[in-house]
Every structure is written in structure tokens, then in C-alpha cells.
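These protein sequence lines are chains L and P, in that order. Each residue of the first sequence is one higher than the one before, starting from 1 at the first, in my numbering. Each residue of the second sequence is one higher than the one before, starting from 154 at the first, in my numbering. Accompanying notes for the structure given below.
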Amino acid sequence: MSLKPLLRKVFLVDLIKGLKVTFHYQPPSQAITEQYPLERPVIFERFRGQPRLKVDPDKGNSLCIVCNLCALACPEQLIVVKGERNPVTKRKEPVSWTYDLSRCMFCGLCAEACSTDALELTQDYEMALYSREGMVLDQAALERGQEPVRYVK
Amino acid sequence: MLDALKSYLTAGNTPGEAGSMLWATIYILVITLGISLAVIAMNWLERKILAHMQIRLGPMRVGPHGLLQPFADALKLLIKEDIIPQEADKLVFWMAPVVVTMTAFTTFLVVPFGRTHAVTDMNIGVLFMLGISSLGVLGIIMAGWSSNSHYPLMGALRSSAQMVSYEVAMGLAIVSAVLMTSLKSGTGTLSMIGIVEAQNAQQTWFIFKFFPLGFLAFAVFAIAMIAETNRAPFDLPEAESELVAGFHTEYSGFRWSLFFLAEYAAMLAVSSIAVTLWLGGWMRPFPNWLGGATWDMAFSFVPALSLFVLAGMCLLGALRMPRIPQMRIQTVGLAMFGSLLGFVGLVLLVPAVRDRIQDIFWFVAKVAFFMYLYIWYRGTFPRYRFDQLMRVGWKVLLPIGLGVLIATAIVGLFPQLTSVMAGVTQ
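Encoded structure:
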């Protein structure tokens, strides 16, 4: 063994280096833990979370024109849209909308396919529920956005 | 009765020497309580410091900054189902945690927290501590064997091999410190109090004596004591990734918590041996450099001051808690804990208490430093392989320990040697 590595071993240089590293990590301000309900993570714009159906802010009607492209794009086939033509506006309007969240994998293909940008995957992520039934969202739920279930003592 | 209680207070020695049964009992109770509290505190500190070293937060929810977490855990352990495996040797299984805990606590009989603050001054103090603490291995082997299961048996075998081989190096390091006690007085001593007094008489801590000999002996002991207590990086007997939990795999609930208690008590015990032998026991730091009555006075305020600092940290933490209704109780609790610490600090300012408490404070502070080292090592070092462990023990620590022992003897005898040589040459 040459001299330098021997001296390194005798004076425990590497161990002391390691000790130094862990010592400097100590200030709690460095901790990357997130205290979840108190602190919330930064959600990025392109995050694909809870689906929402947009409503025209001026007129109050749904932006969806029931073109069925989202249902066709969905690999899980969890979107079912039915609609009929409004005789006054000559526009197709959704009659029933179902979106089965329990099968959704948030690929975002539906939102990409939407021709009017009515369907969108938002940045909301608190979608946990107590039963599977509530996972099937109808039009009202999709427009309102699902409220997270709050844990109450 | 009251006179018997009072007369001891002015005696200036330990209850064992004064022959006061009553005070000895009080001391034993206080020490047992103190160690249990220290283990609880150590549990919290270990989880917190380790978490911070791994850039985590550690317990944060039970109480402010997780301060009540150890109590919650203790409660959980106490109400857990007490399981004894069907095929286990019931009696031995039952006895093992008792043996381990009793040995770990018995060692504290001779630990001097101060000149008057030890249960008794035994003239074979160090030997007693080593002997009793090595009985702990027996408990571990009993636990491993009686569980009638593979992992515990493997853990117990590893543990016994490790403890036996590191005890040799440990003993050699201790002997070299004991040799140093004879330097000025001519007769060495094994009494824990005597060793500290020898350091006082020689005006130096043994870690600085014959530099680097004292330091080397201390280093050998510091490494061997980690292996002795089965802590990282020598925690092979309970290596989680290999042996589940080693010798206490089959234990749960209260019995498991006894093992836990014993492990931490043993850590405290070996740390206090190290403090007594090399770091001047209960004596305050810098007695030579910052000597004199003024400095004595200044240092006697340190216990109170350090409690004030802790109290200030608690109050600051209470101010910085998130201001939401759910955290209100925790904030108030933290503020109250801080005020309690501050109040204890105020009590420590009273001259009579101050004089009596400061030796305990310095001893505890030094032991606390060792406890921090234990956590620091655990947060940093990867575990040794078994053959590496044995190599470190037998091929590195043992020769160094022997060499230090012989060198200490030679250097210590140097004055006599030179005079003899002078006589021969004349």
C-alpha cells in the first residue's frame, strides 16, 4: 500500500468527510419534507388532475358540442356523452355526461382531442373518496368540480 | 428520620460510603427515573436528529415538533398484545429481557455523576461496570436461543461473537487509563470516583495525557463501545436488512420495549465509563486555562444558562408555529414546556442548588455529547460486513490497544527508568 491511502485510512479521512456531510444537512430548514395538509405542493401548469367541463362565462351554457371526440380518444372508454340539438341555437348540447374517474389514468388524450377546449384536466388532485360510486362524475359534478372529502374528527 | 436525612447532606461523600441506606435508595430511584427519562429523550432526539441528517423532518404531529411521540409510542407498546411464540422456551424467553434490563441498570450503581452523586464508591468500580455490562450478552443469547427461530439465533450468535471480541480491545484501553491513575499518587485505582480524582490531581484529563497515547486509548474505547452496544455501524446483530431485528425479532410490546430500554441504558453506561476515564468525569472544562474563583463562578451559571437557551428555543418555536386553530393546543403546550424549562433554570440559579447540581450537569453534558456521536455515526456510516467487523476488532483495535498499553507503561515509568539508567552508568 502506498503512503497516501494508508494515511487516509489511519486518520479516518473518508469517515470524517462523511460525518461532515451529514452534519451540514442538519438545519431543519433544509428538510424537503412537505407537511401536506398544512403545506401544499406547487402544481405545475401541465399537471393532469381532476377533469373539468368548462362553461361559457358569459352565456352560462356548456362549451361542449357533443362531438364525441373525447369518448373516441379515451383508451379506457370511460367517457359517455349523449346530446341533442337545441332547436333555437342550432347547437348540439349535452344531455348526459359521465366520466368514470375510477378507471381514468389521466393520460389527457380526451382533453387533447376536445375541439372546443371544453374538457380540461385541471391541477386539482384531491380526488380520494370513500366509495367507488362517487367516482362516476356527471355533467354537474364535472362543471362544479369535485369537492375533496374533508377528514373531520 | 429527618435528622438522618439532613446529616447526610453535609457529609460530602456518597450514600454508600456514608452508610445511609435511605439516601442510597433515594439515589437509586432518582437514577433509575433519570435514565428512563434520558432514554425517552434520546428516543425523540435520535429520531429528530437522524431525520434532519437525512433531510427529513422526523416526528412532527404528536405534540409540538413531535415532542410527545415517545410517550405515544410507549403507550402503544404497553397496550400491545404480549406474544410468546408457541415453540419458544417460555421461561428463558421471559427472563431474557429482564436480564438485559437489569444488567444495563445495575451498572449505574457506580457511575459518579459528581463527588457525592453516586450510589456508592466501589473500589473495583470499573471492573464492576465491565463485568456487569458484559453479562448483558447472556441476556441477548438467551433471547436468541429461546425464541426458537432462525433470525434471532443468528443475531444472538453475531452479537456474542462481536461483544466478546470487542471487549478485549475495550479492556486494554481501560487498563491503559487505569495505569495513568497511578502516576502521581503511586498507587492506581479502579474506583470510578478515584479515577476522576486522579485526573483532578494530575491537572489534566486522561485524553490529553501523554498525547497521543491517552487519545489513542480513548479512540480505541470509543470504537469498541459502539460495537459493544450493537449500534451502527456495528449493528450486525440487529441488521434490519438481513436479520429483521436480530435477537429481538420474536419479541413484541412490553418485552420489546425492555430491550429498547436496555440498549439505550447500556449506551449511556459505556458513555459514562468513557467520560469518567478520559474526559474528567464531573469536572468542568478548562480548569487550567480558565481557572480561578471568578471563572468557577462563571461556569456555575452555565447549567441555568443552557436551560434558559432551551426555554428560549421552545418559546421561539411556539412563536413560529403555524397560526391555525388545529395547532393552537400544540403552540400553547410548547410555550408552557418552554416556561417550565425556564423555571427549572431559575431554580438552578439558587446558590445552594447551583453548587450541588453543576457536577451532575457537566457529567450529563459530556454523556450527551457521546449520545449525539452515536446518532451522528448512525446517520453517516454504512454497516460493516461481519468479516470486516472481526478484522477491525482483532487486527486493528487489539494491536493498537496493546501497543498503547505498553507505551503508556514505558512513558509512565520514564522518570524512574532514567534515574535507574543514570545509576547504572555511574
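C-beta: ideal position from N, C-alpha, C; glycine also.
Beta-bridge annotation (DSSP): L/E34 is not paired with any residue.
Between the region 404-417 of chain P and the region 230-250 of chain P there are three or more inter-stretch CB-CB distances shorter than 8 Å, so the stretches are counted as touching. P/M574 sits away from P/M195, with the two beta carbons spaced by 8 Å or more. Assignment of P/N353 by DSSP, reduced to helix, strand and coil, places it in the helix class. Look at P/V215 here: in three-state DSSP terms it is coil, with no helix or strand label. The C-alpha of P/P365 lies about 15 Å from the C-alpha of P/L430. L/R132 and P/R214 have their alpha carbons spaced roughly 30 Å apart. Residue L/R103 holds the alpha-carbon nearest to the alpha-carbon of L/G134 among L/C107, L/E93, L/Q123, L/R103. Residues of the region 408-441 of chain P with a C-beta less than 7 Å from any C-beta of chain L: none at all. P/E416 sits buried, since 16 or more C-beta atoms from the chains shown fall within 10 Å of its C-beta. Among the CB atoms of chain P, one or more fall inside 8 Å of the CB of L/Y25. Sequence-distant partners of P/F281 (beyond 5 residues in either direction) whose C-beta falls short of 6 Å from its own C-beta, in its chain, are V263, M275. Taking P/V183 as reference, the option from P/F266, P/G532, P/S160 with the minimal CA-CA separation is P/F266.
Contacts between L/L6 and chain P, judged by CB atoms closer than 9 Å, are missing: the closest CB pair is about 13 Å apart. Residue pairing for L/K92: DSSP places it in a beta bridge opposite L/R85. Its Cα nearest to that of P/L389, the residue P/D540 stands out among P/V245, P/P568, P/D540.
Bounds of any alpha helix (DSSP H) do not take in L/P51; it lies within the beta strand (DSSP E) bounded by 51-53.
Secondary structure remark: continuous alpha helix (DSSP H) runs of at least 4 residues inside the region 160-198 of chain P, in chain order: 168-171. Assigned with DSSP and collapsed to three states, L/D58 falls in coil, not helix or strand. In this structure L/I16 is exposed. Its beta-carbon is surrounded by fewer than 16 other beta-carbon atoms within 10 angstroms.
Neighbours of L/A31 in chain P, taken as residues at a C-beta separation under 8 Å, are given in chain order as A204, H205, I208, R209, L210.
Under the Cβ criterion (8 Å, minimum of three pairs), the region 418-433 of chain P does not count as touching the region 311-318 of chain P. Assignment of beta-bridge partners to L/D100 by DSSP yields L/V136.
Put simply, the backbone Cα of P/L555 is about 49 Å away from that of P/F490. A straight line joining the alpha-carbon of L/A111 with that of L/K82 spans about 17 Å.
Look at P/I236 here: in three-state DSSP terms it is coil, with no helix or strand label. Between the alpha carbons of P/I348 and P/V503 lies a gap of roughly 30 Å. Look at the region 532-543 of chain P: the residues with a C-beta under 8 Å from a C-beta of chain L are G532, T533, F534. Collapsing the DSSP output to three states places P/V545 in a helix.
A distance of 8 Å or more separates the beta carbons of P/T484 and P/P223.
Contact between P/L558 and P/I188 does not hold, since their C-beta atoms are separated by about 31 Å, which reaches or exceeds 8 Å. Less than 8 Å separates the beta-carbon of P/L494 from that of P/L460. Here P/P386 is not near P/P238, since their CB atoms are 8 Å or more apart. For L/Y130, the number of other beta carbons within 10 angstroms of its own is below 16, and it is reported as exposed. Assignment of L/E120 by DSSP, reduced to helix, strand and coil, places it in the strand class. With the criterion set as a beta carbon lying under 7 Å from some beta carbon of chain L, the members of the region 466-485 of chain P are P475, in sequence order.
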